[in-house]
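K.L.:
For the sequence shown, our numbering gives the first residue as 1, with consecutive numbering after it.
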Amino acid sequence: MKISIIGTGYVGLIVGLCFADFGNDVICVDSDKSKIKLLNEGNCPLYEMGAEELLRKNLYNKKISFTNDMKAAVENSEIIFIAVGTPEEDDGDANLSSFYKAIIDVCQYVNSNKVVVNKSTVPIGTAKAVRKLIDSELIRLKIDYKVDVVSNPEFLREGRAINDFLNPDRIILGSDSKRAIEALMNLYKVYKRSNKPIIITDSETAETIKYASNAFLATKITFINEIAELCEKTGANVLEVAKAMGQDGRISPKFLHPGPGYGGSCFPKDTKAIVKTAEKFDVDLSIINSVIRSNERQKRRCAVKVKNEITEGTLAILGISFKPDTDDIRESPALSIIDELYAEQKYCFKIYDPQAMAEGKRYFKDYINLSWHDNAYDAVQDSDAILIITEWNEFRSLDIEKLRLSMRGKTLFDFRNIFPKDDVEKNGLLYIGTGV
Ligand code: UDX
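(1) Under 5 angstroms from any heavy atom of the ligand UDX, by CB: list those residues in chain order, please.
(2) Looking only at C-alpha atoms, which of Gln355, Val380, Arg362 and Ala183 sits nearest to Phe349?
(3) Here's a check: name, in chain order, each residue in its chain whose Cβ is nearer than 7 angstroms to the Cβ of Pro324, leaving out the five neighbours to either side.
(4) Name, in chain order, the residues that DSSP records as bridge partners for Ile124.
(5) Checking 7 angstroms against the spacing of the C-beta atoms, do Val115 and Ala183 come in under that value?
(6) Quick check on this structure: which residue in Asp93, Leu96 and Glu78 has the alpha carbon closest to the alpha carbon of Asn113?
(7) Excluding the 5 residues flanking Ser294 on each side, which residues of the same chain have their C-beta closer than 8 angstroms to its C-beta?
(8) Does the beta-carbon distance from Ile388 to Asn427 come in below 7 angstroms?
(9) Can you look up Tyr262 in the DSSP assignment and give me helix, strand or coil?
(10) Can you round the beta-carbon distance between Phe419 and Thr434 to whole angstroms, since I take them to be within the 8 angstroms contact cut?
(11) Tell me whether the stretch 46-55 and the stretch 77-96 touch, counting them as touching only if at least three CB pairs, one residue from each stretch, are closer than 8 angstroms.
(12) Run through DSSP, which three-state label would Asn40 get?
(13) Whose C-beta lies closer than 6 angstroms to the C-beta of Glu207 among residues of the same chain, with five residues either side of it excluded?
(14) At what residues does the beta strand (DSSP E) containing Lys350 begin and finish?
(15) Measuring CB to CB, does Ser383 end up less than 7 angstroms from Thr314?
(16) What span of residues does the beta strand (DSSP E) with Gly360 cover, start to end?
(17) Would Asn58 and Asp21 be called neighbours here (beta carbons separated by less than 7 angstroms)?
(18) By Cβ distance, which residues of its chain are closer than 6 angstroms to Lys269, with the 5 residues on each side in sequence left out?
(19) What's the gap between the Cα of Ser135 and the Cα of Leu217?
(20) Between the Cα of Lys62 and the Cα atoms of Lys33, Thr205, Lys2 and Phe322, which residue gives the shortest distance?
(21) Could you pull out every residue in the same chain whose Cβ sits closer than 6 angstroms to the Cβ of Lys410, ignoring the five residues on either side in sequence?
(22) Opposite Asn118 in the DSSP bridges: which residues?
(23) Buried or exposed: which applies to Val283, given that a residue is buried once 16 or more other Cβ atoms fall within 10 Å of its Cβ?
(24) If you compare alpha carbons, which of Ser31, Val15 and Gly246 is closest to Lys254?
(25) Taking 7 angstroms as the cut-off, decide whether the C-beta atoms of Ile5 and Gly23 are in contact.
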């Protein structure tokens, strides 16, 4: 099928690459000219496992192209995905200005019946508003074609996005248009063979599924983080608690890993946005509200643990991305922890991250007493304490004895619990984890 994707951010790019790989003809549109140039040359602007290979393969096969030309993209597509960013405003609401601009731009170039698909995470009720906006634009422009709207939220996880796209737990299609649902069913027919459930519903339900899923997962993480805090006080071990809880099929072991708090481009933004939407309908989402507060507290608690143990000195920071296998540092707990400690003006920071150093250098560009290192051992050299904030796999194989010999102090803050406490203590280091 001929499709275009408006917005080559994380979701837009991965979805475009995967649809192209399924044999569709995909045109990706973005207003950022340098990004388009980079992509057309086969260079992926973000770090995501397998993305660059898919990009090069599908450019070579002429199944995907990148352009600033919205007109050509819309005119040559039956299905148009909107995947632009919906960043968080100061009050927690989603900013939809780029989203609505994309819809208005698309309307100008409608030259046949089309289907517009919302891939961006948008507040509940947006698809209905889009429907009205498109109708009024088509009347204003005197365009006599049908443009139907579908909500098709995306559940990709960074670092696993291609695998998630190829193996979705479910596909959600929300629309009142039979024609639009048929077009999307045709596009997603590749999943028929693997029996992936396709849930067809109305647009408000589809939009709510996305927010409710993310808010639930954020709640699960926050729940285990609070239990971890309790374990620290009582002497229980949260890892054993989480494992035993997870063995209950009703609970499941997924998203029960305690840590420094959730981050990233989705959970922090989406939890706030659903609370904002609920407020407009006079509904108090008190659980999600306290999850948001508790997650902030969890990040602060990590900084306090450091302050209580190390009053001043050099801290080796291992990992600043919000999770492993990505260079994304958006809302990463590492940023809050470093910021909180930096404000004390008593610490120097030696930082290493396998992929996120370029992003980190941009974020911390005005900071002093902060240095960047090529590997974990260099960062740890002469430090008073080590803070493991992201659970990159390469940190799991670090030689603890070698770390101890090269550092000045003796404390390892393992906020992701990647090392067994006993192993670290056997090597003469003080171990401070999360809930262990
Ligand atoms: C999430 C959703 O999983 C995905 O479905 C949605 O489309 C986008 O948001 P992502 O943000 O890429 O994906 O990462 P995810 O793996 O969900 O982790 C989010 C945050 O939670 C990370 O900071 C991670 O470290 C943290 N986390 C996750 C925990 O602290 N403990 C866990 O058990 C799981």
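For glycine and all other residues, C-beta sits at the position ideal for the given N, C-alpha and C.
P.N.:
Once the coordinates are examined:
(1) Cβ-based neighbours of the ligand UDX within the cut-off: Phe155, Arg157, Glu158, Ile221, Phe255, His257, Gly259, Tyr262, Gly263, Gly264, Cys266, Phe322 and Lys323.
(2) The count along the sequence shown starts at 1 and reaches residue 349 at position 349. Looking at the Cα atoms, Val380 is the closest of the given residues.
(3) In the sequence shown, the residue the question calls residue 324 occupies position 324. A distance below 7 angstroms between beta-carbons, with the five flanking residues on each side excluded, links Pro324 to the following residues of its chain, in chain order: Gly159, Thr390, Glu391, Trp392 and Asn393.
(4) Taking the first residue of the sequence shown as 1, we reach residue 124 at position 124. Beta-bridge partners of Ile124 (DSSP): none assigned.
(5) Against the sequence shown, residue 115 aligns to sequence position 115. Against the sequence shown, residue 183 aligns to sequence position 183. Ala183 is positioned such that its CB atom lies closer than 7 angstroms to that of Val115.
(6) As a working mapping, residue 113 is identified with position 113 in the sequence shown. Checking every option, the nearest Cα to that of Asn113 belongs to Glu78.
(7) Counting from one through the sequence shown, the residue named residue 294 turns up at place 294. Cβ within range, chain order: Thr222, Asn225 and Glu226.
(8) Residue numbering aside, residue 388 sits at position 388 when the sequence shown is read from its first letter. Residue numbering aside, residue 427 sits at position 427 when the sequence shown is read from its first letter. At least 7 angstroms separates the beta-carbon of Ile388 from that of Asn427.
(9) As a working mapping, residue 262 is identified with position 262 in the sequence shown. Assigned with DSSP and collapsed to three states, Tyr262 falls in coil, not helix or strand.
(10) For the purposes of this step, residue 419 is taken as the residue at position 419 of the sequence shown. For the purposes of this step, residue 434 is taken as the residue at position 434 of the sequence shown. No, Phe419 and Thr434 are not in contact; Cβ-Cβ is about 12 angstroms, not under 8 angstroms.
(11) In this structure the stretch 46-55 does not lie against the stretch 77-96, because fewer than three pairs of beta carbons, one per stretch, are closer than 8 angstroms.
(12) Within the sequence shown, numbered from 1, the residue matching residue 40 stands at position 40. In the three-state reduction of the DSSP assignment, Asn40 falls in the helix class.
(13) Position 207 of the sequence shown holds residue 207. Residues Ile124 and Ser151 of the same chain have their beta carbon placed closer than 6 angstroms to that of Glu207, with the five preceding and five following residues left out of the count.
(14) Walking along the sequence shown from the start, residue 350 turns up at place 350. DSSP places Lys350 in the uninterrupted beta strand (DSSP E) bounded by Tyr347 to Tyr352.
(15) Along the sequence shown, read from residue 1 onward, the residue named residue 383 stands at position 383. Along the sequence shown, read from residue 1 onward, the residue named residue 314 stands at position 314. In this structure, Thr314 lies closer than 7 angstroms to Ser383 by Cβ.
(16) As a first step, residue 360 must be located in the sequence shown, where it is residue number 360. Here Gly360 belongs to no beta strand (DSSP E); instead the alpha helix (DSSP H) covers Met357 to Tyr363.
(17) On the sequence shown, residue 58 is found 58 positions in, with the first residue counted as 1. On the sequence shown, residue 21 is found 21 positions in, with the first residue counted as 1. Yes, Cβ-Cβ distance for Asn58 and Asp21 is below 7 angstroms.
(18) In the sequence shown, the residue the question calls residue 269 occupies position 269. Within its own chain, the residues whose Cβ lies closer than 6 angstroms to the Cβ of Lys269, once the five positions on either side in sequence are excluded, are Glu88, listed in chain order.
(19) Residue mapping note: residue 135 aligns to position 135 of the sequence shown, counting from 1. Residue mapping note: residue 217 aligns to position 217 of the sequence shown, counting from 1. Sequence inspection shows Asp at residue 135; the Ser mentioned does not correspond to that position. Each residue's alpha carbon lies about 36 angstroms from the other.
(20) As a first step, residue 62 must be located in the sequence shown, where it is residue number 62. Residue Lys2 holds the alpha-carbon nearest to the alpha-carbon of Lys62 among Lys33, Thr205, Lys2 and Phe322.
(21) Position 410 of the sequence shown, counted from the start, is the residue given in the question as residue 410. When the five nearest sequence neighbours on each side are left out, the beta carbons in the same chain lying within less than 6 angstroms of the beta carbon of Lys410 are those of Leu429 and Leu430, in order along the chain.
(22) Here residue 118 corresponds to residue number 118 of the sequence shown, with the count starting at 1. According to DSSP, Asn118 bridges with Ile82 and Ser151.
(23) Taking the first residue of the sequence shown as position 1, residue 283 is located at position 283. That one is exposed.
(24) As a position in the sequence shown, residue 254 is number 254, starting the count at 1. Closest by C-alpha distance to Lys254, out of Ser31, Val15 and Gly246, is Gly246.
(25) In the sequence shown, counting from the first residue as 1, residue 5 sits at position 5. In the sequence shown, counting from the first residue as 1, residue 23 sits at position 23. At the C-beta level, Ile5 and Gly23 stay beyond 7 angstroms of one another.
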